[in-house]
Amino acid sequence: MSEQASRETQPDSNRPADSAEGLPGERKLKKSAPIKLRLFGRTDVGQVREHNEDNFIVADLTKASRGLMETDRNQIVGERGVLLGVCDGMGGAAAGEVASQLAVDIIFQKMISGEPPKDHDEIAARLVHSIESAGLRIFSEAKLDRTRRGMGTTSTVAALVDDHLFIGQVGDSRAYILRGDRLVQVTRDQSLVNQLIEAGQLTEEEAETFEHNNIILQALGTSDSVQVDLTFVELKRGDTLLLCSDGLSGMVRNEEIREVLRTIDDPLEVCKTLTDRANQAGGHDNITVVVSKFEGEALPEPTEEDISGLRYRKYQLPEPMPPSSLNAPDPSRRVKELDQPKISVPLTPLPSSSSSEGHRRESDSERREEPSKDGEGPSSYGPRSHGSDDPIHIPTDGAPQWLIVMMIASALACITIAGYYLLKP
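Residue numbers (numbering that gives the first Met the number 0): 0 to 424.
Laid out in structure tokens, this is it:
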């Protein structure tokens, strides 16, 4: 992978004294000239799926409006801020699109409720609480309806009121920032392959062809709680934000994404070009893209240090968290597969329930029947039939996380080797 299309995952200490967030006064919202956004979003069913289980949201929280009418594509950040998000649904009997639609709806409603945020901690806590609330609601809906058991969705949602862009992450959808000529992934995939990379068991190059790179560790709705990974970016003038589902990031290389973002100025054209590239590469999954370009005198021009220093940075909320948010217990682990059955893998053994039931998506032989969806923001799609698999439980009480990952990887390797010898003539 090139240096300019990097995947920066070194955590930042953010709240300690060496962070930009170190001094209490610096956690207050900055009152200055307006921040301007040019944005667009697009979702496409792809070449293989019959239905689109993705959803996205583009919302002006000050006006309590969402959508992509002509007037919504150019915004000025108001006192409540702006909300951008991508959700990639999963589950049987039309449940995937239900889960992702519930997620964007609930997150939007929670973010527009209450008084405008007074500081960075409040907007960040409200974002976390909104995502947690969406997960609990999806989980509850699944328990009430057997046809929706096990439904869930990833969630990568960004919010800003000033120059601090906060991102709440659950699953493997992604957020990137293009600054200058550098494209940096500013979220961390909650996936098996990423854990293996961080443990030194897999290289970036090996990960691209890793057979089980479709396994994610948690999703909204598959458990009554999730652990939201909260990160932030201090925006500079000219920064471009890309939110996308794995239908894009899994089909188009970072270098190609970087070139599209760097050479095309209109967010609408960027979204169209990226979804077209993913379809040309095979379109194995639904493809969803949200692009926003940040401008205005409130944002400083980036220095060379700002460009080279752009990276994944965690944001540490104070203890106790502000009233608008809740602390989340440890999450359950989940498995999401790109073109194969989805299987739940709980972090701790769970009783038989809707949250632990497996899921299945369409196979490659099932073809697309729906056209591309864009322009007016998130939408839901018609029902479809799915099969379901028995849940797989992995006992993990007291086991360290790295050991769990290695157990899963070893089991998969043993199955592959056994299958090879059994099928060998």
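Cβ coordinates follow ideal geometry from the N, Cα and C atoms, glycine included.
Asked: Distance check for V160 and H296, CA to CA, integer angstroms please.; Found: Here residue 296 turns out to be Glu, not His, going by the sequence shown. Spanning the two alpha carbons is a distance of roughly 15 Å.
Asked: Do you know whose CA, among L260, R187 and A218, lies nearest G179's CA?; Found: L260
Asked: Considering only residues of the same chain and omitting the five flanking positions on each side of C243, which have a CB-CB separation below 7 Å?; Found: V85, S172, R173, T287 and V288
Asked: On the three-pair Cβ rule with 8 Å, is the stretch 187-206 touching the stretch 108-124?; Found: no
Asked: Closest by CA to L38, which one among Q217, G237 and V169?; Found: G237
Asked: With 16 other CB atoms within 10 Å as the buried threshold, where does T415 fall?; Found: exposed
Asked: Count the other C-beta atoms from every protein chain shown that fall within 10 angstroms of the C-beta of Q279, then say buried if there are 16 or more, exposed otherwise.; Found: exposed
Asked: Is the Cβ-Cβ distance between G151 and A102 less than 7 Å?; Found: no
Asked: With DSSP run on the structure shown, which of helix, strand or coil describes M437?; Found: A question about residue 437 goes unanswered here, because the residues of the chain that appear run from 0 up to 424.
Asked: What residue range is occupied by the uninterrupted beta strand (DSSP E) comprising D245?; Found: Here D245 belongs to no beta strand (DSSP E); instead the alpha helix (DSSP H) covers D245 to S248.
Asked: Would you please state the rounded distance, in angstroms, between the beta carbons of L234 and K117? I believe it to be under 8 Å.; Found: Contact flag wrong, Cβ pair sits at about 20 Å.
Asked: Which residues does DSSP pair with L159 in a beta bridge?; Found: V81 and L164
Asked: Are the CB atoms of Q74 and G282 within a distance shorter than 7 Å?; Found: no
Asked: Just mark T208 as buried or exposed, buried being the case when its beta carbon has 16 or more other beta carbons within 10 Å.; Found: exposed
Asked: Is the beta carbon of G167 sitting closer than 7 Å to the one on V227?; Found: yes
Asked: Specify the secondary structure class of V259 as computed by DSSP and reduced to three states.; Found: helix
Asked: Considering only DSSP beta bridges, list what Y175 is partnered with.; Found: Q184 and L241
Asked: Candidates G249, Q194, R65 and P319: which alpha carbon is nearest D120's?; Found: P319
Asked: With respect to the alpha helix (DSSP H) encompassing F107, which residues constitute its N-terminal and C-terminal limits?; Found: A94 to I111
Asked: Can you tell me where the beta strand (DSSP E) holding A198 begins and where it ends?; Found: Neither: A198 is in no beta strand (DSSP E) and is coded neither H nor E.
Asked: Can you tell me whether S139 is buried or exposed, with buried defined as 16 or more other CB within 10 angstroms of its CB?; Found: exposed
Asked: If we ignore side chains and look at the alpha-carbon of each, how far apart do R41 and A417 end up?; Found: 43 Å
Asked: I'd like the list of long-range same chain contacts for C270, defined as Cβ closer than 6 Å, with 5 residues on each side in sequence excluded.; Found: F39, R41, V288 and V290
Asked: Less than 8 Å between the CB atoms is what I'm expecting for K292 and L36, so what's the real figure, rounded?; Found: 7 Å
Asked: Residues in the same chain with beta-carbon distance under 7 Å from L247, minus the five sequence neighbours each way, listed in chain order, please.; Found: L273, A277, I286 and V288
Asked: Under the three-state reduction of DSSP, which class applies to N73: helix, strand or coil?; Found: strand
Asked: Can you give me the start and stop residues for the beta strand (DSSP E) that D228 sits inside?; Found: D228 to E233
Asked: Cutting at 7 Å between CB atoms, please list the residues of its own chain near S132, excluding the five before and the five after it.; Found: I105 and K109
Asked: In the DSSP assignment, what are the bridge partners of D59?; Found: S64 and V81
Asked: Applying the 10 Å Cβ sphere with the 16-neighbour rule, what's the burial state of M89?; Found: buried
Asked: With E114 and E52 assumed to form a contact (beta carbons below 8 Å), what rounded beta-carbon distance in angstroms separates them?; Found: Going by Cβ atoms, the distance from E114 to E52 rounds to 35 Å, so no, they are not a contact pair.
Asked: Taking G45 as part of the beta strand (DSSP E), name the residues at either end of that continuous run.; Found: First-last for G45: undefined, no H or E at that position.
Asked: Using a Cβ-Cβ cut-off of 7 Å (strictly less than) and excluding sequence neighbours within five positions of I122, which residues of its own chain qualify?; Found: G80, P116, A158, V160 and F165
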